[in-house]
Every structure is written in C-alpha cells, then in structure tokens.
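Trainee:
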Amino acid sequence: MPGILVTVRSLDQGIQSVKGKVNPGYACATGGIWISQGDLAVIDAAPGSMVRVWSTAGEVNVPCQVGDLPQGLFCMPMGPTSNTLVPAATEGTGMPSFKGIKVTVEPSPGGEAEGSAGN
Amino acid sequence: MPVIESVVCTFCGSLCDDLRVTVEQNRVLKVGGACALGRQKVFHDCEPTAVWSVEGMVVDMGTAMEEAARVLSSARFPLVYGLSTVSTEAQREAVALAELLGGTVDTTSSHCHGPSTMARQQAGLPTCTLGEVRNRADLIIFWGCNPMESSPRHLARYSAMAKGSAVTGRGQRRVVVVDVRPTPTAKAADEFIQIDAGRDYEAFTLLRSLIQGKAVPEDVTTTGSAGVPFERWARLAALMKGCRYGVAFFGMGLTMSGGREANLELLLTTVAELNAFTRFYAIPMRGHSNVAGSENVLAWLTGYPFAVNFSRGYPRYGPGEFTVVDLLERGDVDACLVVGADPAAHLPRRCVKHLESIPVVLVDPHVTLTTPLARVTIPVAAGGVGAEGTFYRMDNVPLRAAALVESRLPTDEEVIRTIRERITRAQDR
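In the order they appear, the protein sequences are chains P and A.
Under our numbering, the first residue of the first sequence is numbered 46, with each subsequent residue one higher.
Under our numbering, the first residue of the second sequence is numbered 656, with each subsequent residue one higher.
The structure is reproduced here in structure tokens:
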C-alpha cells in the first residue's frame, strides 16, 4: 500500500548510537518500521513480520511493529536503513526529505532484514 | 572518591551542566544526574575505539597525519564536513583548513536545522535563553520536535516541568505539542494537536491570520486546516495571544518536511508579530552538542553559518550548492575530511556511495559506520570527557566543558591544526 514515511528519533536509537554504531544493537534499533494497526490489517502483515518498503531512492526489507500512527503514515528510526529510502534531492536548500517520503509497503514473505545500509 | 561537580554533558544541544562524575585513577566510575543518553556517552567516550590507520593498516600518528595532509592538499574540490560534536576551538581550525585548501566547509547543520537558519536570515529570530524559559514561560509549544526522546532532560530542567523563579512548576505552565504522531512528548502535554504530515505551512498561515484578527474563509472555519478542526487552531491562537510569556520550540518536523525554510520563516514571523500582544520567543531544538557552535564559529570567521566555499579565495555561501548532501549527490567532491560526524549513518544512501569512491579522512574518537570507507582514520580525545573545550547550547549560550580524564590522544583541534601546518609547510617548500 502507498503511504508517507517519516524518519524519526527514538530513545533506543539514541542510546544505541552512543554505545557504538558498529554494535548489532544500533542496526536493530534503526532497522524497523512502525505501521498503524489498521494499515497492518490492510496489507495483511503481522507485527514482527518482514515488510518490503520502497521509494524512488531504494528499497529495504525490515521487520514491522505496531505504531500509534494515523493510517497511511509510517515511521522508521533515522539511520542507515531508512536513509536507503531518502532521495538526495534538496530542492536548493541542502536538506533532503528525511520526512514526507512517498513509499510503498507490502508484506515480504521470506525477506531478510537489512540490518545495515544494505543495497 | 573524588566527585567532579557541575560537569557539562556534551551529548545533545541541552548541554546539561549539572552532572556529577566520580573519577578514580583516571577512570570514570559513576555518572550522576545524566539521562540515559548522556550517561552512556560519557562511558563510551572514556574508551575511544578508533586507531591510527591508512587504508585499513594500523600506522603511527605521523604517517596518518602525513597521508591526511597529502590527500587533502592534492584534491581539486575538498570538503571539510561534520563539526557538530567538537569544540568551537576545533571548528575554528577546520574553517582555517578549508580556507587554506580553497575547499568547502559544511556542517551537519545543513541537514538538521539549516533551513531554520535560512529562515532566520529572512525573518530574524526573536529568542531568549533556556534560563528565561525556565523562570518565566507560562506557555510552551513543541512543534515538530520530541525532546522526551532526543533531549530527555529538557522538560525537567528547562521547560515544561522546570521549577523557575516566576513560574514555579508544571501547574503554572500550559504545554502544547503539534506533531504528526502522538510522541512521548505529546503524551506529557496538556494539549496535543495531531497535524497532517507536510501541512505545517497551511497551519501557520491560519494561526497568523487568527492572531492578527483577520477574517478566515468560511470553508476553513467549516473544515479546519491541516487535518485539524478550526476550533483547535482558534483555541491555540487565543492561548498564544493570551499568555504572559510564550516560547515555541521547533524541530526537524518542520525543517525536514515539505516547505522546509518557508515553514520556519512563517513560524518566526508569527512569533515576532505576537510581541505586539505579549512576550513570545522561539528556540530551535538542536540535536548535537555543538551544532549551534558550528554556526556561530562559521559566521564569525566567514560571515555565513554553513555551506561555505573558498575556491575563489573568499567565502561564498550556497545552500543547495555547497551543502554536503548536494555536493556528494552531484559527485563534486574529490576528497573529504570528516570531523566528529558519521555520514555513512546519517546521509542518504546515494551520498554515501560517492563517499565510498573518494579518499576520506576521518577524525573521530570511535569506530563508526564511516570508518570502513575511510582511507585515513585519526583517533582523538572526546570533547567534554578526554578533552576540554567550548560548546554552544541550543539557545546559543556558550559553556566550557572540562576534561574528566587525561587522554593519551590529541584533541580534534590539535589534529586539524597539525594537518594544516603540514600542508602549509609543503606549500612553502
């Protein structure tokens, strides 16, 4: 299903980043996506299952969790995995769209987690 | 055991300066008063993990410095980048190096609060210190920011829950959060306005009209704006006009979404106009410990806050042209000095791919995701733990961070100065 992706800070992401970004905890803390309960039902995915997310910039396979979000809005922690989906265009400002990225999400049976910057 | 009082935490832009750190035999044993992020950072920074290396081989300090100087001085379009977690002293050296190279200096600010700084250049920044917020603010708005997770002590120490002199506690403050999702900060607020993603400009336009008492089209009063009923905006406008001392903290929910600097220009204009009715200020919610310092230092030395190019022998400012994301996306840069930043973790993948294709010199206390793609790695003592230095809080108040332990490593400032001196000597030969 199509939707809007917003990359965000999370406490776990912050803590793992100061423990060391090369530790597996950082990849884990930044390698997932939050989707509303309603949207999980629409795409027929269970919490914890893998989903494929893609934008014009790239695609990732990540585990999904239930998030307290409006339908059509997805969140991922800022980090190398979500940055695969961020287009580099800045519209002359220097700032790429880390928020408001048009993405599509679908279940990814058998897909493997990125765990890092991936492709 | 010896306890160092009033220690400045150099994790985030709050720069909490009331930590109590127990140190014995040059080892930190206990960190008191910090949030989970600050506490972890102090322990992590006590043990730098980076090593002197060239192309993955461990080398001595002199060899790494010599290779760094060679890489940077032989580049046609070098970029000096990062600088938001290092001292102002190191930032000053980095600007001098970029000027010597005829290169570009840009900071993480350009993909953080760069758009709000651009807005500030157009609309000004009616602002105050965090001390004034603590003592006086009876209305606090967090718009597009989530300090409960990014700066966890902000609410207790400076804003919502702080005990000030004129405003003595949480009960005397009204806290409003505007965001696209119910964040932990939203859950701690009196009111949460859940706005549609990317429609902030529309909301500011309505708020500005309401504050100025202008007529609002009937379709807006019927259907609301930005996914929020009109009555909620009218109530917020009344709160803003009716408070005694209001402060709007704004974050990357505004700088990173559609509209970018236009969102902030309208917010800052609205805040300035509110001062016809009451006192109202705005403060950017800054993430890294000295990202505010980077803008100050660059502005002192070049006249511009970020995205500064020296290729013509004088400083030129170019957001969208000399900003790191644009330079790497276009493939302009042919060598990069990264100081206190981790672009492989924080830049769009396309930019990281270009970094992988050019020589990178990385100055950082730790092994990061950028380390594997660096030709030269240079370990340094971490500011505020192994090295002293000046850091600017998010309200642009400078604080002096002391070293807590004695480090065997040089500071960022010393490393950059040494590279610059080696290049100067080579040019003079």
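All residues carry an ideal CB built from backbone N, CA and C; glycine is no exception.
Between P/R97 and chain A, is the shortest Cβ-Cβ distance under 8 Å, so that the two count as touching?
Mentor: Chain A contact via Cβ: absent.
Trainee: Could you pull out every residue in the same chain whose Cβ sits closer than 7 Å to the Cβ of A/S944, ignoring the five residues on either side in sequence?
Mentor: The answer, listed in chain order, is T665, F666, C667, G668, L670, T740, F1046.
Trainee: Note down the Cα distance separating A/P837 from A/E1043, rounded to an integer number of angstroms.
Mentor: Distance between the alpha carbons of A/P837 and A/E1043 is about 39 Å.
Trainee: Under 8 Å between the Cβ atoms of A/V946 and A/S764?
Mentor: Yes, these two residues count as a Cβ contact at 8 Å.
Trainee: Can you name the residues that DSSP bridges to A/A937?
Mentor: Beta-bridge pairing links A/A937 to A/A903.
Trainee: Between the C-alpha atoms of A/E748 and A/G687, what's the straight-line distance to the nearest angstrom?
Mentor: Roughly 33 Å separates the two Cα atoms.
Trainee: So is the beta-carbon of A/T718 under 7 Å away from any non-hydrogen atom of the ligand ZN?
Mentor: Within the structure as shown, the ligand ZN is missing, as the structure has no ligands at all.
Trainee: With P/A102 and P/V96 assumed to form a contact (beta carbons below 8 Å), what rounded beta-carbon distance in angstroms separates them?
Mentor: No, P/A102 and P/V96 are not in contact; Cβ-Cβ is about 17 Å, not under 8 Å.
Trainee: I think A/G906 touches A/C800, with their Cβ atoms under 8 Å apart; what is that distance to the nearest whole Å?
Mentor: Confirmed, about 3 Å.
Trainee: Determine the extent of the alpha helix (DSSP H) in which A/K818 is found, giving its start and end residues.
Mentor: Careful: A/K818 lies outside any alpha helix (DSSP H) and carries neither H nor E.
Trainee: Might you give, ordered along the chain, the residues of its own chain that have their beta carbon closer than 6 Å to the beta carbon of A/T762, omitting 5 neighbours on each side?
Mentor: So the list reads L738, S739, S949, F961, once near-sequence residues are dropped.
Trainee: Does DSSP classify P/P69 as helix, strand or coil?
Mentor: DSSP places P/P69 in helix when its eight states are reduced to three.
Trainee: Excluding the 5 residues flanking P/S153 on each side, which residues of the same chain have their C-beta closer than 6 Å to its C-beta?
Mentor: Correct list, in chain order: M95, V96, R97, N106.
Trainee: Tell me A/R1055's beta-bridge partners as DSSP assigns them.
Mentor: Note: A/R1055 sits in a beta bridge opposite A/T1045.
Trainee: Using a Cβ cut-off of 8 Å, pull out every chain P residue sitting near A/G913, in sequence order please.
Mentor: By Cβ distance, chain P contributes S142, G145.
Trainee: Tell me, to the nearest whole angstrom, how far the beta carbon of A/L891 is from that of A/L909; I am working on the premise that it is less than 8 Å.
Mentor: A/L891 to A/L909, Cβ: 16 Å. No contact.
Trainee: Whose C-alpha, out of P/M46, P/D57, P/K64, is nearest the C-alpha of A/S805?
Mentor: If we check each option's Cα against that of A/S805, P/D57 comes out closest.
Trainee: Using the Cα positions of P/T135 and A/V980, report the straight-line distance between them to the nearest angstrom.
Mentor: Each residue's alpha carbon lies about 8 Å from the other.
Trainee: Can you list the residues of chain P that A/P1014 reaches, using a CB-CB cut of under 7 Å?
Mentor: Result: empty, since nearest Cβ-Cβ is about 20 Å, beyond 7 Å.
Trainee: Report yes if the CB atom of A/V1022 is closer than 8 Å to the CB atom of P/V67, and no otherwise.
Mentor: The answer is yes: Cβ separation under 8 Å.
Trainee: What are the start and end residues of the beta strand (DSSP E) that includes A/W798?
Mentor: It spans 794–798 - the beta strand (DSSP E) in which A/W798 sits, taken as one unbroken run.
Trainee: When you compare each of A/A870, A/R731, A/Q746, A/R791 to A/T1066 by their alpha carbons, which one comes out closest?
Mentor: Closest option to A/T1066, Cα to Cα, is A/Q746.
Trainee: Classify P/M46: buried if its beta carbon has 16 or more other beta carbons within 10 angstroms, exposed otherwise.
Mentor: Per the 10 Å Cβ criterion, exposed.
Trainee: Would P/L118 count as contacting chain A if we go by Cβ distances under 8 Å?
Mentor: Yes, P/L118 counts as interfacial toward chain A.
Trainee: Which chain P residues are close to A/Q680, counting only those with a beta carbon under 7 Å from its beta carbon?
Mentor: Correct list: empty, because the minimum Cβ distance to chain P is about 24 Å.
Trainee: Leaving out five residues on either side along the sequence, give the residues of the same chain with a beta carbon under 7 Å from the beta carbon of A/G661.
Mentor: The residue asked about is misnamed: residue 661 of chain A is Ser in this sequence, not Gly. Taken in chain order, the residues that qualify are D672, D673.
Trainee: What is the residue span of the alpha helix (DSSP H) that P/M121 lies within?
Mentor: Premise fails: P/M121 lies in the beta strand (DSSP E), 118–122, not in any alpha helix (DSSP H).
Trainee: Quick one: does A/G711 have its CB under 8 Å from some CB of chain P?
Mentor: So no, A/G711 is outside the interface.
Trainee: Can you give me the Cβ contacts of A/T978 inside the same chain, cut-off strictly under 8 Å, excluding the 5 residues immediately before and after it?
Mentor: Excluding sequence neighbours, A/T978 sits near D761, S765, H766, G769, F961, A962.
Trainee: Any residues in the region 988–1008 of chain A with a beta carbon nearer than 8 Å to a beta carbon of chain P? Which ones, in chain order?
Mentor: Listed in sequence order: D997, A999, A1000, H1001, L1002, P1003, R1004, R1005, C1006, V1007.
Trainee: Please tell me whether A/L734 and A/V1018 are closer than 8 Å, where the distance is taken between their beta carbons.
Mentor: No.
Trainee: Beta carbons nearer than 7 Å to chain A: which residues of the region 73–88 of chain P have them?
Mentor: Hits within the stretch: zero.
Trainee: Output, in chain order, the set of chain P residues within a Cβ distance shorter than 9 Å of A/H1021.
Mentor: The contacting residues are G65, K66, V67.
Trainee: Looking at A/L1054 and A/R1063, is the spacing between their C-beta atoms short of 8 Å?
Mentor: Cβ distance not < 8 Å, so A/R1063 and A/L1054 don't count as in contact.
Trainee: Applying the 10 Å Cβ sphere with the 16-neighbour rule, what's the burial state of A/S729?
Mentor: So A/S729 counts as exposed.
Trainee: Run through the region 945–994 of chain A for me and flag every whole beta strand (DSSP E) of 3 or more residues, listed as ranges in chain order.
Mentor: Runs of the beta strand (DSSP E) inside the region 945–994 of chain A: 990–994.
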